[in-house]
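Scroll down for the structure; my scribbles are underneath it.
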Amino acid sequence: MLRHVVFISLILFSCFTRAETASFWDSPQHGANSFNRLPPTQEYFDALSAYGATWVRLAYDKWPSEGRDFLIGDADHYQSLSEADLAQLKSVLDRAHKANLKVVIAPLSLPNMRWSQNNNDVFDDRLWSDKKYWNDANRFWKDLAIALKGHPAIAAFNLVNEPAPERNSDLKEHADSDAMAQWYKKNQGSSRDLPLFYQSLVKTIRQVDQNVAVMLDAGWYAAADAFSYWPSGLEDSNILYAFHMYEPYDFTSSPNINREKRYVYPGDIPFGETLKPWGPQQISTYISQPINWAKKSGIPVKRMVMGEFGCARTIPGCGNYLKDVLEAADSLNLHWAFYAFREDSWDQMDYELGTKKVHWEYWDAMEKGEPDPIKRESSALFDIIRKRL
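All the letters of the sequence shown, read from the start, carry residue numbers -19 to -1, 1 to 370 under mature numbering (1 follows the signal peptide of the UniProt record, and there is no 0).
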């Protein structure tokens, strides 16, 4: 009798978990990115949850591993998931769940596509140069979907972070929509066909998990204007479509810190091949592009995600930029996750640190592979985000 009660309880819990996860994305969810070099602790997740975040976009690729590539083992020769790394990942998911946070798994590398920062800063184009390399990516995602099926923390699988199949082609970044459409027409069905690649992965995942949400980044490093060439969304209804917001990049990125004449926001800043005035209106117009594509494609706005956004915190005007990006995103009722929360390997988008230089102990710990020793609390800069979590 007791066995039957336990069995029924497990079924009911499983049904509740599926229902909770399915409804999670029905209203705007706000969270953070975690791209740390060490697996996040319980304290880390508790602190993020205490600020009001509901989800975390988790990248594990920097974590220590006995293999060349965490979880994959070796991106050049994928065999199976590393059991030790998988156990570590599940432990981290358990911590997030304990803190009442949902998790979106976001690999930076896939088999035959190693993340540049783990590849001596060399862009790995194999996955986009020949479809034969898609097979291992499909095997990896099938293995991972099986391994994580039913975990209560999982809110979605973000199949790959910031794909750029367009990079080694003749399509310029931020080309106009007509140029993008012409490029896709020439490359449709080829190894650079990002929607087709995603379609193959989703089909593979659905063989083992019919319920998990799948998040798809736009091309050209998840640019907000790069959905414009997609003829439509995928037929699967449990898909989220994500873009990242760092435009204008010449302002938000760390090279702007050391420029003799910095680009300031609001102001005239390069974008694509032209100098454009950037301010609240331009931010709103740019962020609206993927939403306009979604509406045209019959995709509900609740399936659209601003998966990353940020600016180098020591650049004057970063606070105004964050305010304007958040205002635009919230006016559209988007899901969003800021970049990044308490990153232990790069401090420039760690807004709790404010606008001052981080203490040297931060860098010393990084060199030694030790936990980040810097204590954090909210700052005027972080408050801009915190108030909207």
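No residue lacks a Cβ here, since even glycine has one placed at the ideal position from N, Cα and C.
In chain order, what residues of the same chain have a beta carbon less than 6 Å from the beta carbon of residue i, not counting five sequence neighbours either side?
| i | result |
| --- | --- |
| E342 | P354 |
| D66 | S46, F51 and L52 |
| I250 | P229, D231, F232, Y244 and W259 |
| L108 | N93, M94 and Y114 |
| Y179 | L197 |
| R49 | D55 |
Which residues does DSSP list as the beta-bridge partners of residue i?
| i | result |
| --- | --- |
| S15 | L39 |
| D249 | P258 |
| W317 | H11 and M287 |
| V103 | Beta-bridge pairing links V103 to no other residue. |
| I135 | V84 |
| M94 | L91 |
| G54 | D50 |
Quick check: residue i and residue j, are their CB atoms within less than 8 Å of each other?
| i | j | result |
| --- | --- | --- |
| R120 | P146 | no |
| A34 | H58 | no |
| A13 | F363 | no |
| E333 | R369 | no |
| M287 | L315 | yes |
| S158 | S213 | no |
| N192 | A3 | yes |
| W36 | K83 | yes |
| S235 | A293 | yes |
| P9 | S15 | no |
Would you give the residue range spanned by the alpha helix (DSSP H) that residue i belongs to?
| i | result |
| --- | --- |
| residue 371 | Lying before the first or after the last residue shown, residue 371 is absent from the chain, which here runs from -19 to 370. |
| M196 | Here M196 belongs to no alpha helix (DSSP H); instead the beta strand (DSSP E) covers V195 to D198. |
| M347 | W341 to K349 |
| A223 | Counting along the chain, A223 falls outside any alpha helix (DSSP H), though it belongs to the beta strand (DSSP E) covering I220 to M226. |
| I365 | A361 to R367 |
| W6 | Looking at the DSSP string, W6 is not in any alpha helix (DSSP H), and its letter there is neither H nor E. |
| G300 | C299 to S312 |
| W122 | W115 to L129 |
| F208 | Note, F208: premise wrong, no alpha helix (DSSP H); not H, not E. |
Taking 8 Å as the limit between beta carbons, can you name the residues of its chain near residue i, skipping five residues before and five after?
| i | result |
| --- | --- |
| L(-10) | With a pLDDT of only 45 at L(-10), under the threshold of 50, the placement of this residue in the model should not be trusted; the figure read from the coordinates follows. So no residue of the chain qualifies. |
| F(-13) | Summary for F(-13): the model assigns pLDDT 48, below 50, so the residue's position carries little reliability, and this model does not support an answer. |
| V(-15) | Unreliable placement is indicated for V(-15), whose pLDDT of 46 sits below 50; no coordinate value is reported for it. |
| I272 | V282, M285, L313 and L315 |
Check for me: the beta strand (DSSP E) holding residue i runs from which residue to which?
| i | result |
| --- | --- |
| M161 | Unbroken run through M161 is the alpha helix (DSSP H), S158 to N168; no beta strand (DSSP E). |
| residue 373 | Residue coverage of the chain in this structure runs from -19 to 370, which leaves residue 373 outside it and unanswerable. |
| I186 | Run containing I186: none in the beta strand (DSSP E); it sits in the alpha helix (DSSP H), L175 to R187. |
Apart from the five residues on each side of it in sequence, which residues of its chain come closer than 7 Å, Cβ to Cβ, to residue i?
| i | result |
| --- | --- |
| K304 | I365 |
| D111 | S172 |
| K130 | V189 and D190 |
| L70 | Y41 and L52 |
| I181 | According to the sequence displayed, residue 181 carries Ser and not Ile. Excluding sequence neighbours, S181 sits near W115 and N119. |
Give a yes or no on contact between the segment 18 to 35 and the segment 237 to 246, applying the rule of three or more CB pairs nearer than 8 Å. Judged by pairs of C-beta atoms under 8 Å, the segment 18 to 35 does not touch the segment 237 to 246, as fewer than three such pairs exist.
Is the segment 271 to 288 close to the segment 217 to 226, with three or more CB pairs under 8 Å? Cβ pair count under 8 Å is three or more, so yes.
The segment 159 to 170 / the segment 120 to 139 touching (three or more Cβ pairs under 8 Å): These segments do not touch.
For the structure I just gave you, are there three or more beta carbon pairs, one from the segment 147 to 162 and one from the segment 200 to 207, closer than 8 Å? yes
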